[in-house]
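Shown next, in structure tokens, is the structure this report addresses.
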Amino acid sequence: MSSALHASENVGLSVSHLVIKYGDITAVDHVSFTAQAGRVTVILGPNGAGKTSTIEACEGFLAPTAGSVQVLGLDPFLQRKQLNRQMGIMLQEGGIYPSARVAELVRQYCALYGNGVDADVLISRVGLQSVASTTYRRLSGGEKQRLSLALALAARPHIIFLDEPTSGIDVNGRDLVRSIIRELRDAGCCVIVATHELDEAERIADDVLIFHRGNVVASGTLEELRSGREEIRFRSTSRIDLHSLSTTLGLPVEQTRLHEFTVAGTSDARVIVQLTDWAKANNVDIGDIGAGSQRLDDVFRRLTAESAS
Amino acid sequence: MKLLRIQLACELRVLARNGEQLLLILGIPMLLLSFFSNVDILPTSGQSSVNFLLPGIVALAIMSTAMVSLGIATGFERSYQVLKRLGATPLGVPRLVLAKALSVLVVELVQVMLLIGLAQVFGADLGALNIASLVLAIALGTLAFAGVGLSLAGRLRGEINLAAQNALYLVLLLIGGIVFPLQELPSWLHWVGRISPSGALADVMRDVFSGTSVHGASSLVVLLCWAVAAQLSAFNLFRWN
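Top line first, the protein sequences correspond to chains V and U. The first sequence: position 9 = 9 (this note's numbering), numbered continuously. The second sequence: position 27 = 1027 (this note's numbering), numbered continuously.
Shown next as structure tokens:
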């Protein structure tokens, strides 16, 4: 499936009919999309969906089997040298000498990029002052992620690729990463984030691409993806006869998680009244009733299920 | 030039923090030279122990730096994706390779100076040493062993590469005539040793340090062949990711 998020001249990344194969296995199958400067584009998908392969082709690590990629107007595979100066990269894991110290690494990367980023300011921006003289191998998972982010920021990037940037990070660390992502976006950087964490995507995304089995199954802003997908959500610890409730309401009802249920296709207050009446009549305890747009995880589950079928 | 200098400093700093590598490139050669120069148990064909040992130990030092140390470090950097990450900075791949080559040469310079200094303390006679030939022998040995080390590092997983490099180091140490003359080996193994890169380098080093041509051009040709073949192998086999 082909998609274009926004038609604009301010395109930071343009992917056109990208195909990536590993032997007989097709990891990415004719994917097309664009991402704009000054926006956060989140690539969502389960493991093996083709997110990392697509990002690696954009970073110039993988040559496409077919199709083309343009990053800041450059071919990342053939014009790597020009691109490296203005592109920040945060790998999913690793990429750092285990015996190197935090401050040394940040200084080394700031010097390699030579874009005027002050290493000490950068270390304190990512909250690593207290471990500045600690070796990489002794850092916690969250500190490693923040260091990797700092090395990407050393480029003073016009485009930045962040692969699972909040993986293994605690709550405060996540807030910090989100605030840095917002700063980058506001400064006009094209921010590309690959993640399988739907909550995270919901918090940071301007635009979303949903990958499944090597294809883009949906794309658009969060609002666009959720629009027209109203639902009523409620909790119950009782045993619920879904068929009976669905027949009463005239709408599909499904259990989404343990003790959590949704009535799809409406947020009408009259249906909520029907729901509570049915619960009372059937001696079923329900609570936490809410109505509104479908959550991103429900959109994601529906789209990937549709794609699989 | 600035980027190269930054990366070279980083390579040397990482090496200096690695205790195992320091033991391999400095500890073992200096220990072998010190011990066997002072404990007269080796058959040395009439030479003083230190005069016999020094060329072989210099060959061992070149092998440990260019093959084992470079190979193990590069293998782990590949596994940890350090090469991949650095390749995406303005440093680029050519400067990264050059920084690694220069770091090997710096270490070899330190090794040779320390080993020669130590040998002199033990009474070595260096009157016939030809510096130009020594530089040529080191260059060919470095190309040969770096090629072998990077061929393994470029394909094997970090831990398997570590084991393979150490095993190869031990085999080449034993069959290369480094701490005892090749003539002491069974005849078939003697010839395997002669055509091995460690045997060829040890023979060339003996001629260089003694100012003679006992082994003729054959050892030099064998070493040259290893240098070319190993570099071609590394070029074809090495994978960055």
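C-beta: ideal position from N, C-alpha, C; glycine also. As the structure is a prediction and not an experimental result, all values here were calculated from the model.
Neighbour-count burial assignment, residue i, 16 or more Cβ in a 10 Å radius
i	result
Asn1038 (chain U)	exposed
Ser46 (chain V)	In the sequence on display, residue 46 (chain V) carries Pro and not Ser. Result: exposed.
Ala7 (chain V)	Caution applies to Ala7 (chain V), whose pLDDT of 42 falls short of 50 and renders its modelled position unreliable; the model cannot decide the point.
Arg239 (chain V)	exposed
Met1001 (chain U)	exposed
Trp1226 (chain U)	buried
Glu260 (chain V)	exposed
Arg125 (chain V)	buried
Ala1144 (chain U)	buried
Ile1131 (chain U)	exposed
Tyr22 (chain V)	exposed
Asn215 (chain V)	buried
Lys1084 (chain U)	buried
Lys280 (chain V)	exposed
His158 (chain V)	buried
Val1135 (chain U)	exposed
Ala152 (chain V)	buried
Asn1241 (chain U)	exposed
Asn84 (chain V)	buried
Arg182 (chain V)	exposed
Asp288 (chain V)	exposed
Other residues of its chain near residue i: CB distance less than 7 Å, five sequence neighbours each side excluded
i	result
Arg178 (chain V)	Arg203, Ile204
Glu1184 (chain U)	Pro1043
Thr221 (chain V)	Asp206, Asp207
Leu91 (chain V)	Ser148, Asp163
Gly127 (chain V)	Arg146, Leu176
Ile1246 (chain U)	This structure does not reach residue 1246 (chain U), given that chain U is present from 1001 up to 1241, and the question cannot be answered.
Thr1065 (chain U)	Ile1025, Val1104, Val1107, Glu1108, Gln1111
DSSP beta-bridge partners of residue i
i	result
Glu254 (chain V)	V:Thr262
Gly292 (chain V)	V:Glu231
Thr221 (chain V)	V:Asp207
Gly381 (chain V)	There is no way to answer for residue 381 (chain V), as the model of chain V reaches only from 1 to 309.
Ile192 (chain V)	V:Thr41, V:Phe161
Met90 (chain V)	V:Leu162
His212 (chain V)	V:Asn215
Ser11 (chain V)	Per the sequence shown, the amino acid found at residue 11 (chain V) is Val instead of Ser. DSSP lists V:Gln36 as partners of Val11 (chain V).
Arg270 (chain V)	Answer is none; Arg270 (chain V) lacks a bridge partner.
Arg302 (chain V)	Arg302 (chain V) is not bridged to any residue.
Arg1013 (chain U)	Answer is none; Arg1013 (chain U) lacks a bridge partner.
Arg1005 (chain U)	Note: Arg1005 (chain U) sits in no beta bridge, so no partner.
Nonlocal neighbours in the same chain, by C-beta distance under 8 Å from residue i, ignoring five residues either side
i	result
Thr248 (chain V)	Gln274, Trp278
Gly1056 (chain U)	Gly1176, Gly1177, Ile1178, Val1179, Ala1202, Met1205, Arg1206
His17 (chain V)	Ser2, His30, Val31, Ser32, Ala66, Gly67, Ser68
Ser1233 (chain U)	Gly1147, Val1148, Ser1151
Gln1007 (chain U)	Leu1086, Leu1091, Arg1095, Leu1096, Ala1099
Cutoff 6 Å; reference residue i; Cβ partners in own chain excluding five residues on either side
i	result
Gly1154 (chain U)	Leu1237, Phe1238, Arg1239
His1215 (chain U)	Asp1203, Asp1207
Arg101 (chain V)	Ser133, Thr135
Ala1200 (chain U)	Ser1219, Val1222, Leu1223
Leu1075 (chain U)	The identity of residue 1075 (chain U) in the sequence shown is Gly, whereas the question assumes Leu. Hits under 6 Å: Ala1153, Gly1158, Asn1161.
Thr304 (chain V)	His212
Arg80 (chain V)	Gly60
Ala155 (chain V)	Gly88, Tyr113
Phe77 (chain V)	Gly60, Ala63
Ala4 (chain V)	Unreliable positioning characterises Ala4 (chain V) in this predicted model, as indicated by a pLDDT of 41, which lies under 50. The coordinate reading is nonetheless provided below. Thr34, listed in sequence order.
Unbroken beta strand (DSSP E) runs of length 3 or more, entirely within the segment 129 to 187 of chain V: which are they?
-> 159 to 163
Output the residue ranges of the alpha helix (DSSP H) runs that lie fully inside the segment 1065 to 1105 of chain U and measure 4 residues or longer, sorted by chain position.
-> 1070 to 1079, 1082 to 1087
Are the segment 215 to 234 of chain V and the segment 256 to 273 of chain V in contact at 8 Å, needing three or more beta carbon pairs?
-> yes
Completely contained alpha helix (DSSP H) runs for the segment 14 to 76 of chain V, where each covers 4 or more residues | 51 to 59
Which ranges would you report for the alpha helix (DSSP H) in the segment 1156 to 1207 of chain U if only whole runs of at least 4 residues count?
-> 1158 to 1175, 1187 to 1195
Pairing CB atoms from the segment 1160 to 1176 of chain U with CB atoms from the segment 1185 to 1198 of chain U, are three or more of them under 8 Å?
-> yes
Inter-stretch contact at 8 Å, needing at least 3 Cβ pairs: the segment 1052 to 1071 of chain U / the segment 1094 to 1108 of chain U = yes
Do three or more CB pairs link the segment 170 to 185 of chain V to the segment 111 to 124 of chain V at distances below 8 Å?
-> no
Determine contact between the segment 116 to 125 of chain V and the segment 1009 to 1027 of chain U, defined as no fewer than three beta-carbon pairs at a distance below 8 Å.
-> no
Does the segment 1080 to 1094 of chain U touch the segment 1108 to 1116 of chain U, meaning 3 or more C-beta pairs lie closer than 8 Å?
-> no
Contact between the segment 182 to 193 of chain V and the segment 37 to 51 of chain V: three or more CB pairs below 8 Å?
-> yes
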